[in-house]
Every structure is written in C-alpha cells, then in structure tokens.
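All residue numbers for the sequence shown refer to this note's numbering, where the first residue is 150 and numbers rise by one.
Notes follow once the structure below has been shown.
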Amino acid sequence: MTTLSDRQLTHATRALPRYTSYPTALAFQPAPDDADTRRWLGDIQSHDTLSIYAHIPFCERLCWYCGCHTSVPNGYARVARFLDQLKREIDLWGEALPAHAGTAHLHFGGGSPNSLNTGDFADLLALLATRFRLRPGAEVAVELDPGTLQREFAGGLGAAGVTRASLGVQTFDPEVQRLVNRFQPVEQVATAVDDLRGGGVAAINFDMMYGLPGQTCANVAASMATALALEPDRVALFGYAHVPWMKKHQAVIRDADLADVSGRWAQAEAAESVLAAHGYVRIGMDHYARPDDPMTARLAEGTLHRNFQGYTDDPSSVLIGVGPSAISSLPFAYAQNRLRVDDWAADIAAGRLPVGRQLETTSDDRLRRTVIERLMCDLQVDVGAVCLDHGREVSTLDPAIAGARALTADGLCQVEGRRVRVPSDMARLVRVVAACFDNRSVIAPKRHSAAI
Ligand code: SF4
C-alpha cells in the first residue's frame, strides 16, 4: 500500500474538477434560448453515432451522501407527469437533429431509473430506441438503486433491451448504511444480481464508496470482498464528496464521523488491495474491470473515453442528454438542460429545447480537452503529439507542461520532453496533474470536491 507524503496530502486536499468534460460545467454560461443549440446541432455529421443519456430525477428516499439532481416524488402522479414531459422533450430533440448514424449507447441515470414502474420504463426505452435509431448491438445501460429495486423491474430489464446494469452498492456495513440512510442487506443485492442476470442482463457494474461516515479501512475492505463475491464485471470506487453548502441534506452527516484525507486515502488503498487480489484491472483514477472486459481492452488500445457518466468504451463523439440537468456534448459546444423540473417543463411546453446553460468551445478548449482526457484515461499523454494532431505548434502547451514538471518533485508525475506520465500509485491524484492543462475552470474550494 502507498502512503502519502505531507506534500502529496496537500495536493490530495485540493478541490478540483473530476474532468468528466473540459471545459467543466462551471464554465457554462446562461443560454438566452435554444437558438444556439439548434445551430450547433447542425455540426453533427451523417457518419456520427450518438450516445443518449436520459436523466430520471426521482428516488424513493434520499441518501444523505447524495450529490445528484434528484428528489423524492411522494407519489407516482408526479413521475407520470414528468414522463409525459420527457417524451415531448425526446420528440423535440429527435426533430431538431440532422442526419446521423444512429445510437451506439443509451444510458439511464438519475436519480434512480427504477423509480419508474416496469411498463413505463420499457415504453421509455422503446421510444428512445425509435426516436434516436438504436443501432444493433448498442449498449443500453441503467443505474439502479438495489435498496428500492423491485424484483419484477429487475427481471424485466433484459427483455426490454437493457444490456448493462450499474448497482449503487456503496457499502454493505449496516452501521454505515444507517448513517447514510441507505439500507440494502447483501441478500437483497445478491437477489438483484440474480434477477438481472436471470432476465438477460449480461453485464453488471457495482458502484462502491469510501470516505462515508463510519467507514474504516476494515469495513471498506470487507464490503469490497463481499461485493466481489457477486462477481461484478466492473467496479467504480468513488470517494464521498462532503459539500453540505451545496447539498443541504448532507448537513445530516457529522464531520466527526468522516475520515481525514489520509484516512480517506488509506480506505481507497484498502479497497484497491481487495480488487487487485481478485484480478481486477485499474482503469483511470477510480474504475476497475475484469481483464476480459471490453473496457480493459479499450484501455490497452488507448481508445478509452471519459464523459459525464465517467469512464466509457463508447466511442460516440456526440452525446444528447434528456431530462432536467442533463448535458449534451456536441462537436463544438456543450448545452445543459435546466436544473429545476418546473423550468425544464415550461420550456418543453413552449416547444423549446430546455437548455439553461451552454458553452461554445474554442480550438484551444478542444486541444486541452484531448490532453486532459488522455491523461485521465491513460495516465499518460504525449502533449506535443496532441498539439500537432490539432494543427498547432508543438510548443503550444509548454507553459502547462512546466506546471506538470513542478509536480514531479512531489512524485505526482514524470515529465520527459513533452510526455507527461502519472505513476500508477498516484493514479487517484491524476486530476491534480490534469489541472495543469486547465485554463478555464474556476478552481474554487466551494465548487469542487477534494482530489481524494
Ligand atoms: S439512490 Fe442514488 S440518486 Fe437517489 S438519493 Fe440515493 S445516491 Fe442519490
């Protein structure tokens, strides 16, 4: 296990973006209407495949650690009304899109997509598949809360067309579950996995966490061992981001129940030891996959990508997001839907794409985005080669490389010429190195989570 030096610990406390995009959403500006987005959609080429993200902003109960855009609907009438509006939004995007090559990846997130009833979910999937021309062999992924997952819902997903399910397991420790208001005994998760696989969902991901209240190295490692006994194909290991000034419900979590930064690092290391012992391959800073998983193959090829869902083997260059807060990534721009359901619904009712914030990217943004994405995915990048690929002088990002070189003394990266490499034992701190190439983000302690 690696322990951090004092200087590395200082880097680990820095509040930094997770670089699921570059520029990050904090750089987006208010959108006056949907005119810019409709124009930017025109940059999509007929050979471009699409990735579609559908945001379901409801959960049956709120986990105290949650950082997502979600709420408890208190009855299905509100969910049903939302679904009507979402279907109208899907039509609006479908009508606005130019010719494209169909959808290679469809992802349901939230919130909890299993807050929909079984028939409504299947209808929504079918509508999206028709509207955005789902390609044969496309991945259809859904995030699920195993604590509220109904057996009928899980068992029907394969028949509806779902190919991958991500279960938010986080921890199996009963006391930690009590402290975060999320109850799911191991038997319940095991049943969910059996129902999913039995219904034809071949690929299973688990999300696990460290840094939650009451977590220790021992209970993090024990939870991971229990999780791996269920043989997930992929595991994401996230650190809890305690930002109660942004997420009011997190105020329920007491500072005294949280580990400090060196404790968080030790918990992550304990979890990773279990993953390594079971043969999982580290992907980027926080994902793990079986050696025979497609994501591991993409990592070896250098073709792994990073988008708003995290690491992905989806090669689509265009992402269309539907539902409140969802972000669309277009060839030369980002467009984020309105956050508040009422604002989002009002735009849809008026026939407008419900875009609330947006950003047209510059050539410099796209150059830096490539460098940051390769670093986040491969933990190494030839910055000069990327500059040349983008038609720029090989020395364009030399000032940023100098910033990375300043981190070499602390062991966060190595720099040879214009090649930057993050050693595997520092992978969890890769965003500190990536930030050297970021000249857009507001690096503000109150707006991002700590690097660990
Ligand atoms: S189930 Fe997921 S999205 Fe819903 S409250 Fe819990 S953490 Fe948040």
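All C-beta atoms, glycine included, are put in the ideal place defined by N, C-alpha and C.
For residue 357, DSSP records a beta bridge to 319, 386. Shown here, residue 548 sits in a helix according to DSSP, grouped into three states. In the displayed model, residue 160 falls within a helix according to three-state DSSP.
The beta carbon of residue 373 sits closer than 7 Å to those of 357, 420, 423, 424, all from its chain and outside the five residues before and after it, given in chain order. Buried is the label assigned to residue 463, since at least 16 other Cβ atoms lie within 10 Å of its Cβ. If you look at residue 534, you'll find it in the alpha helix (DSSP H) that goes 532-538. Only residues of its own chain outside the window of five on either side were considered, and among them none has a CB closer than 6 Å to the CB of residue 540. Per DSSP, residue 460 lies in no alpha helix (DSSP H); the unbroken beta strand (DSSP E) holding it starts and ends at 459-461.
Going by DSSP, residue 456 is part of the beta strand (DSSP E) stretching over 454-456. Boundaries of the beta strand (DSSP E) around residue 205: 199-205.
Minimum Cα-Cα distance from residue 322 among the listed residues 362, 301, 349 corresponds to 362. The beta carbons of residue 509 and residue 482 sit closer together than 7 Å. Beta-bridge partners of residue 257 (DSSP): 203, 291. Residue 485 sits in a strand when the DSSP states are folded into three classes.
Residue 265 is not a Cβ neighbour of residue 289, given a cutoff of 7 Å. The alpha-carbon of residue 201 is positioned some 11 Å away from that of residue 242. Across the structure, residue 449 and residue 314 are spaced so that their CA atoms are roughly 24 Å apart. Contact between residue 257 and residue 292 is confirmed by a C-beta separation of about 7 Å, below the 8 Å threshold. By the 16-neighbour rule on beta-carbons within 10 angstroms, residue 451 is exposed. A straight-line Cα-Cα distance of about 6 Å links residue 284 and residue 252.
Residue 492 has its CB no nearer than 6 Å to any heavy atom of the ligand SF4. Residue 393 counts as exposed, since fewer than 16 other C-beta atoms from the protein chains shown sit within 10 angstroms of its C-beta. DSSP lists 568 as the beta-bridge partner residues of residue 565. By the Cβ test, the stretch 165-175 is in contact with the stretch 511-521, since at least three Cβ pairs between them sit closer than 8 Å. Bounds of the beta strand (DSSP E) holding residue 509 are 504-509. DSSP lists 202 as the beta-bridge partner residues of residue 470. A Cβ-Cβ contact shorter than 7 Å links residue 344 with residue 303. Taking the Cα of residue 280 as reference, the smallest distance to any Cα among 295, 294, 307, 250 is reached at 250. Residue 476: member of the beta strand (DSSP E) spanning 476-479, first to last residue.
In the three-state reduction of the DSSP assignment, residue 153 falls in the coil class, being assigned neither a helical nor a strand state. Taking non-hydrogen atoms of the ligand SF4 into account, the C-beta of residue 466 is found less than 6 Å away from none of them. Rounded to whole angstroms, the separation of the alpha carbons of residue 546 and residue 395 is 34 Å. DSSP, read as helix, strand or coil, puts residue 262 in helix. Between the stretch 298-312 and the stretch 188-195 there are fewer than three C-beta pairs closer than 8 Å, too few to call the two in contact. No residue range can be given for residue 401, since it is assigned to no alpha helix (DSSP H) and is classified by DSSP as neither H nor E.
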